[in-house]
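Presented below is the structure to which this report refers.
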Amino acid sequence: KRQESCLVMLSIISCLCSASAKGDLPEVLFLLQNGADVNGCNKFGRTSLQVVKLGNPDVARALLAAGADPNARDPTCGLTVTHDAAREGFLDMVHVLVEHRADVNAVDFDGNLPLHLAAREGHLKVVQLLLGLTAEPGRRNGHGHTAWDLAHAYHKTDTANYIAEYMIAYH
C-alpha cells in the first residue's frame, strides 16, 4: 500500500509538471484540487512552476496561488523562474512572479541577476521593469559584467542606452 501511495504521488507530480509545461490550465487546476503537491519535484528535480510554459502566466498564477515557491532554484545552475522569464523576454510572466514575491535580486550560480539575462538578450521592456525593482542595478555578475556590459557586448544598443540613461539619472 505504501509503495502504491508513493507511486501515485510521484505520478501526480509528474502529471502536474507535464500540464504546467504544456500550459494546460484546466488540467493544472484539476490536479491541484486533487492533492498534487505544487512544490513537489519531477524526476529531474524541478517543480511545476520551474517547468511552466513561460508564455502562459495564467498557469503560473494558479500555481503561485496554490503556494508554489517563486524562488525555487534549478539544482544544476541556480536559475529561478524569474531568471528564465527575464532571459526569454516574457514580461507578463515577470510581472506575475514579482506580484507573488519573486526575488528579483536572486543570483544564479554565475552571479547573474534576472536583469543581467534580460539585458544580454536585449529584452528592453523586461529590463525597464527590473531596473526599478533590483536593489543593485550596477551589480557585477561572477564574470565581472554589469547588465549594461552584457547589453553592450551583445550589441543590444537600445537596451544598453536605456540602462546607461537610467544609471545616470537614478544612481
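The sequence shown runs -21 to -1, 1 to 150 under mature numbering (1 follows the signal peptide of the UniProt record, and there is no 0).
Here a beta-carbon is modelled for each residue, glycine too, at the ideal position from N, C-alpha and C.
Could you tell me the alpha carbon to alpha carbon distance between Gln107 and Val83, rounded to whole angstroms? Taking the first residue of the sequence shown as 1, we reach residue 107 at position 128. Taking the first residue of the sequence shown as 1, we reach residue 83 at position 104. Cα to Cα, the separation comes out at about 13 Å.
Roughly how many angstroms separate the alpha carbons of Leu94 and Val105, rounded to a whole number? The residue you call residue 94 lines up with position 115 of the sequence shown. The residue you call residue 105 lines up with position 126 of the sequence shown. Approximately 8 Å between the Cα atoms of the pair.
Can you give me the C-alpha to C-alpha distance between Val17 and Pro5, rounded to a whole angstrom? For the purposes of this step, residue 17 is taken as residue 38 along the sequence shown, with counting starting at 1. For the purposes of this step, residue 5 is taken as residue 26 along the sequence shown, with counting starting at 1. Distance from the CA atom of Val17 to the CA atom of Pro5, rounded to whole angstroms, is 15 Å.
Comparing the C-beta of Val31 with each C-beta of chain C, is any distance below 8 Å? Looking at the structure shown, chain C is missing, and only one protein chain is on hand.
Pick out whichever of His150, His102 and Gly121 has its Cα sitting closest to the Cα of Gly139. On the sequence shown, residue 139 is found 160 positions in, with the first residue counted as 1. It should be noted that the sequence gives Ala, not Gly, for residue 139. Minimum Cα distance to Ala139 is reached at His102.
Ala39 versus Gly57: straight-line alpha-carbon distance, rounded: Locating residue 39 in the sequence shown gives position 60, counting from the first residue. Locating residue 57 in the sequence shown gives position 78, counting from the first residue. The alpha-carbon atoms of Ala39 and Gly57 are separated by roughly 19 Å.
When you compare each of Ala148, Thr55 and Val77 to Leu65 by their alpha carbons, which one comes out closest? Within the sequence shown, the letter at position 86 stands for residue 65. One detail in the question is off: residue 65 reads as Ala in this sequence, not Leu. Closest by alpha carbon: Val77.
What residue range does the alpha helix (DSSP H) around Gly46 cover? On the sequence shown, residue 46 is found 67 positions in, with the first residue counted as 1. Per DSSP, Gly46 belongs to no alpha helix (DSSP H) and is neither H nor E.
Burial state of Gln(-19) (16 or more Cβ within 10 Å): Taking the sequence shown and counting its residues from 1, one reaches residue -19 at position 3. Bear in mind that a pLDDT of 40 at Gln(-19), under 50, signals an unreliable position, so the number given afterwards is only what the model happens to contain. Gln(-19) should be labelled exposed.
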